[in-house]
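A.B. asks:
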Amino acid sequence: MTRQREDIVLTASFTVVAAVAAVMSAGLSPVARRVRELRAPGIGNYVVKGKPHEETPHPDDRAERRRELAFLGWACVLLALSSALGMAIGLSLFVLLYLRLQSGERWPVAAGVAACAWGVLYGVLALALRINLFEGYVMRWIDRR
Amino acid sequence: MIESVVQSAWEGLRLVASWPNIVYPVTGTLMAMAVAFLPGISDATLMTLMIPLTLSWDPLPVVLLYGGLVGGATFMGSITAILFNVPGTGPSAATLIDGYPMAQQGRAKTAIGCAAMASAGGSTVGILVLIALVPLMRQAILAFGPPELLVLMVWGLTTIAVVSRGAVIRALIAMGLGLLLAFVGHDPRTAELRFTFNTMYLWDGIGLVPVVLGLFSIAEVTDLGVSGRHTISGRTRLDELTGSALEGARAVFQHFGLFLRSSLIGTAVVGIIPGVGGTVASFLAYGHAVQTSRDRDSFGHGDIRGVIAPESAHDAKDGGALVPVLAFGIPGSEGTAVLMAALMLHGIVPGRALMTEQLPLVFVIIWSLFLSNWITSIVGLLLVSPLSRLTTLRMHVLAPVVFALAAVGAFAYRQRIEDALVAFAFGGIGYLMKKHRWPRIPLVVALLLGGGIELNLHITSQLHELGRLNIWTRPVFMVIGLLTLTSLSLPFAQEIRAHHARRRS
Numbered sequence: 001m002t003r004q005r006e007d008i009v010l011t012a013s014f015t016v017v018a019a020v021a022a023v024m025s026a027g028l029s030p031v032a033r034r035v036r037e038l039r040a041p042g043i044g045n046y047v048v049k050g051k052p053h054e055e056t057p058h059p060d061d062r063a064e065r066r067r068e069l070a071f072l073g074w075a076c077v078l079l080a081l082s083s084a085l086g087m088a089i090g091l092s093l094f095v096l097l098y099l100r101l102q103s104g105e106r107w108p109v110a111a112g113v114a115a116c117a118w119g120v121l122y123g124v125l126a127l128a129l130r131i132n133l134f135e136g137y138v139m140r141w142i143d144r145r
Numbered sequence: 146m147i148e149s150v151v152q153s154a155w156e157g158l159r160l161v162a163s164w165p166n167i168v169y170p171v172t173g174t175l176m177a178m179a180v181a182f183l184p185g186i187s188d189a190t191l192m193t194l195m196i197p198l199t200l201s202w203d204p205l206p207v208v209l210l211y212g213g214l215v216g217g218a219t220f221m222g223s224i225t226a227i228l229f230n231v232p233g234t235g236p237s238a239a240t241l242i243d244g245y246p247m248a249q250q251g252r253a254k255t256a257i258g259c260a261a262m263a264s265a266g267g268s269t270v271g272i273l274v275l276i277a278l279v280p281l282m283r284q285a286i287l288a289f290g291p292p293e294l295l296v297l298m299v300w301g302l303t304t305i306a307v308v309s310r311g312a313v314i315r316a317l318i319a320m321g322l323g324l325l326l327a328f329v330g331h332d333p334r335t336a337e338l339r340f341t342f343n344t345m346y347l348w349d350g351i352g353l354v355p356v357v358l359g360l361f362s363i364a365e366v367t368d369l370g371v372s373g374r375h376t377i378s379g380r381t382r383l384d385e386l387t388g389s390a391l392e393g394a395r396a397v398f399q400h401f402g403l404f405l406r407s408s409l410i411g412t413a414v415v416g417i418i419p420g421v422g423g424t425v426a427s428f429l430a431y432g433h434a435v436q437t438s439r440d441r442d443s444f445g446h447g448d449i450r451g452v453i454a455p456e457s458a459h460d461a462k463d464g465g466a467l468v469p470v471l472a473f474g475i476p477g478s479e480g481t482a483v484l485m486a487a488l489m490l491h492g493i494v495p496g497r498a499l500m501t502e503q504l505p506l507v508f509v510i511i512w513s514l515f516l517s518n519w520i521t522s523i524v525g526l527l528l529v530s531p532l533s534r535l536t537t538l539r540m541h542v543l544a545p546v547v548f549a550l551a552a553v554g555a556f557a558y559r560q561r562i563e564d565a566l567v568a569f570a571f572g573g574i575g576y577l578m579k580k581h582r583w584p585r586i587p588l589v590v591a592l593l594l595g596g597g598i599e600l601n602l603h604i605t606s607q608l609h610e611l612g613r614l615n616i617w618t619r620p621v622f623m624v625i626g627l628l629t630l631t632s633l634s635l636p637f638a639q640e641i642r643a644h645h646a647r648r649r650s
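Protein chains in written order, with the working numbering: chain C, 1 to 145; chain W, 146 to 650.
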């Protein structure tokens, strides 16, 4: 398999997983109802009717497995976003989505933290330390066009 | 000779302490501290960036600045290890064994205070030993050839048996996995490709930084999230945290013997030998702390001695590590290689002339390193409260930030997006290892030392085949070999003795 094909397969597979995760978390699929249970206590401080859940000291195995799956899903979202949109934009977007969808933070808070993440990634790493952050396959494709 | 060394040491100290010279190491230290807080970004990155900026400078400010840069990064790696279980540098992996459990118990302030004191004290011992050893440095370095390096690294590997009490078989399997991973890529002897599965990415081998970030930071955040813990310390307010920085600093003096022995391991045993690295120093010191303690069961569960030993050894090593660079032009790490390049650009050529005619300049680097180590510790002590507050941050905010930092840290290591993927793959492996109580440290230690062991084994066996090596005429090899055997057999001997004692009672 050539390098280019590897890249394509890698990005495509993460994009598919990320798309499925996005569709499910947006409530657009019948599975979404089931997955909403992922918003069980422990992964984050989820907002249910404006109040955070109580901490469960001894979660049962099923809830634990759901949380594990949620983390796996979010890891795939992170990899998909960063490989598609690049490190600076992709990771900031990941922070925004995680805080809003998973943690239930309000949009301004999530956007503020995401902006700080972008500031660190772009300002400190790319500008100050001159590290060439990965620009993303989608961005590369747009550049070529 | 001794008189000229002392005179040069005094001259070097005078140069560092004078105004405005002192500004350079202080600036370098603060810059390195800020950068070292980002995982995956090494001191070498910052040092490389400083080369074009300092090209037009005089040699003295450059030497002062680089001394600060070398020392600043060391301590901050331990801070992230204690607070987030993320070792900023390889040697900090030994600190997290007991440092992170302390943070989880709400004793982050004590752990940071102890690390700061041990770090500053260790560097002081390192400098003093270094000054004493400068006249003997040539003989000391030449006594270490490939066989000695091999056996020293194997000694470092044996600390796995000490660190993983109660799970020795699992630790050995994890170590085997680490060694397998270390052998991915080019064969150092024949340049043949091994375990690469026709994937270009694996040609350069599996990087340490993505593996460490995955095994510790990603796995830890996942585990905390899945287990339902809201914060690292289990507390949400700073005043709920117990312990203090003073208590941690005091602990170093309470265990002064251990601190001194660990510092000597760092400087005299490991520091002066090029290519061995601080990781061996930290793990040897940690193993020594465990082996010489009567109540060993507390190690790995937040024992402060498990912070003192690796921290003092790690910082004590820095001074010694400079000598092979300055005396022989043999850089032992990426950072010292960049340092050497920067010095050579300013006409400071490592070698005999530097160690004799320009000895004060050597001491300028050593003293600025010493100053840098103390500044990092003082700043660390001053920042104990805000740093400890990070352990009270809620997981739902911390998790995405740590994930993003781990991804960018893994990428920044070699500027390859695949490294981020590897980090997350090892995040999964690390989480499963933690969940099923498999020790992760042996994997990291084996991955770190595997390449060096293989290379030195090849050279040693080839020298033996050519009839150029007789180990019976190499006392250093014999002594370290004996120490290695003792280190390996001691836990088993103690087990047998305890078993007999139980049977008798």
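Glycine residues also receive a C-beta, built at the ideal position from the N, C-alpha and C atoms.
1) In this structure, does DSSP put C:Y46 in helix, strand or coil?
2) Who pairs with W:R339 in a beta bridge, going by DSSP?
3) Within the 9 Å Cβ cut-off, does W:V180 reach chain C?
4) Can you grab the Cα-Cα spacing for the pair W:P206 / W:A487, in whole Å?
5) Please return the same chain residues whose Cβ sits closer than 8 Å to the Cβ of W:L490, not counting the five positions on each side in sequence.
6) Quick one: does W:Q560 have its CB under 9 Å from some CB of chain C?
7) Count the CB pairs spanning the stretch 555 to 569 of chain W and the stretch 350 to 367 of chain W that are closer than 8 Å, and state whether there are at least three.
8) Please state the DSSP three-state secondary structure of C:G123.
9) Quick one: is W:H581 near chain C, going by C-beta distance under 9 Å?
10) What is the residue span of the alpha helix (DSSP H) that W:H541 lies within?
11) Taking the beta carbon of C:I142 as the centre, do at least 16 other beta carbons fall within 10 Å, making it buried, or is it exposed?
12) Just verifying my parser: in three-state terms, what is the DSSP assignment at W:H491?
13) Counting only beta-carbon atoms, is C:M139 nearer than 9 Å to chain W?
14) Could you tell me the distance, in whole angstroms, from the CA atom of W:S443 to the CA atom of W:A396?
15) Between the beta-carbon of W:F220 and the beta-carbon of W:T521, is there less than 9 Å?
16) Mind checking if C:R67 is an interface residue toward chain W, Cβ cutoff 9 Å exclusive?
17) Step through the CB atoms of chain C and report whether any lies within less than 9 Å of the CB of W:V357.
18) How would you call W:R647, buried or exposed, if buried means at least 16 neighbouring beta carbons within 10 angstroms?
19) Relative to chain C, which residues along the stretch 535 to 552 of chain W have a C-beta separation below 8 Å, given in chain order?
20) If you compare alpha carbons, which of W:Q250, W:L273, W:S163 is closest to W:V150?
21) Cβ of W:G573 less than 9 Å from any chain C Cβ?
22) For the alpha helix (DSSP H) that W:L610 lies in, which residues bound it at each end?
23) Do the stretch 448 to 457 of chain W and the stretch 254 to 264 of chain W meet, that is, are 3 or more Cβ pairs less than 8 Å apart?
24) Only counting the same chain, and skipping five residues up and downstream in sequence, which positions put a Cβ closer than 7 Å to that of W:A544?
25) Classify W:M345 as buried or exposed, calling it buried when 16 or more other Cβ atoms lie within 10 Å of its own Cβ.
26) Consult DSSP for W:H581 and reduce its assignment to one of helix, strand or coil.
27) Indicate the three-state DSSP secondary structure (helix, strand or coil) for W:Q249 in the structure shown.
28) So what does DSSP say about C:R130, is it helix, strand or coil?
29) Helix, strand or coil for W:V231? Go by DSSP, reduced to three states.
30) Using only CA atoms, which one of W:A434, W:G480, W:I377, W:K579 lies nearest to W:T240?
31) Is there a Cβ from chain D that is less than 9 Å from the Cβ of W:V371?
C.D. replies: Straight from the coordinates:
1) Confidence at C:Y46 is low in this model, with a pLDDT of 42, below 50, so the placement of that residue should be treated as unreliable; the coordinate-derived value is given next. In the structure shown, C:Y46 sits in coil (DSSP, three-state: anything other than H, G, I, E or B).
2) Assignment of beta-bridge partners to W:R339 by DSSP yields W:G330.
3) Using a CB distance cut-off of 9 Å, W:V180 counts as an interface residue toward chain C.
4) The C-alpha of W:P206 lies about 12 Å from the C-alpha of W:A487.
5) Once the five neighbours on either side are set aside, the close Cβ partners of W:L490 are I196, L200.
6) For W:Q560, the closest Cβ of chain C is nearer than 9 Å.
7) Contact holds: three or more Cβ-Cβ distances are below 8 Å.
8) Correct three-state label for C:G123: helix.
9) Answer no: the Cβ-Cβ gap between W:H581 and chain C never drops below 9 Å.
10) Looking at the DSSP string, the run of the alpha helix (DSSP H) that includes W:H541 is 540 to 559.
11) Classification for C:I142: exposed.
12) In the structure shown, W:H491 adopts coil according to DSSP, grouped into three states.
13) No, no contact with chain W.
14) Rounded to the nearest whole angstrom, the C-alpha separation of W:S443 and W:A396 is 16 Å.
15) In this structure, W:F220 places its C-beta atom within 9 Å of the C-beta atom of W:T521.
16) Taking a beta-carbon distance threshold of 9 Å, C:R67 counts as an interface residue toward chain W.
17) Not one chain C Cβ lies under 9 Å of W:V357.
18) Under this definition W:R647 is an exposed residue.
19) From the stretch 535 to 552 of chain W, only R539, M540, H541, V542, A544, P545, V546, F548, A549, A552 have a Cβ closer than 8 Å to chain C.
20) For the residues W:Q250, W:L273, W:S163, the minimum Cα distance to W:V150 belongs to W:L273.
21) Yes, W:G573 lies at the interface with chain C (some Cβ there is under 9 Å from its Cβ).
22) The question names Leu, but residue 610 of chain W in the sequence shown is Glu. Element bounds for W:E610: 586 to 610.
23) Look at the beta carbons and you see the stretch 448 to 457 of chain W touching the stretch 254 to 264 of chain W: at least three pairs across the two are nearer than 8 Å.
24) Excluding positions up to five away in sequence, the list reads V366, G370.
25) Exposed, because fewer than 16 other Cβ atoms sit within 10 Å of the Cβ of W:M345.
26) W:H581 falls in the coil class under three-state DSSP.
27) Correct three-state label for W:Q249: helix.
28) In the structure shown, C:R130 sits in coil (DSSP, three-state: anything other than H, G, I, E or B).
29) When DSSP states are grouped into helix, strand and coil, W:V231 belongs to the coil group.
30) Nearest of W:A434, W:G480, W:I377, W:K579 to W:T240, Cα basis: W:A434.
31) Among the protein chains of the structure shown, namely C and W, there is no chain D.
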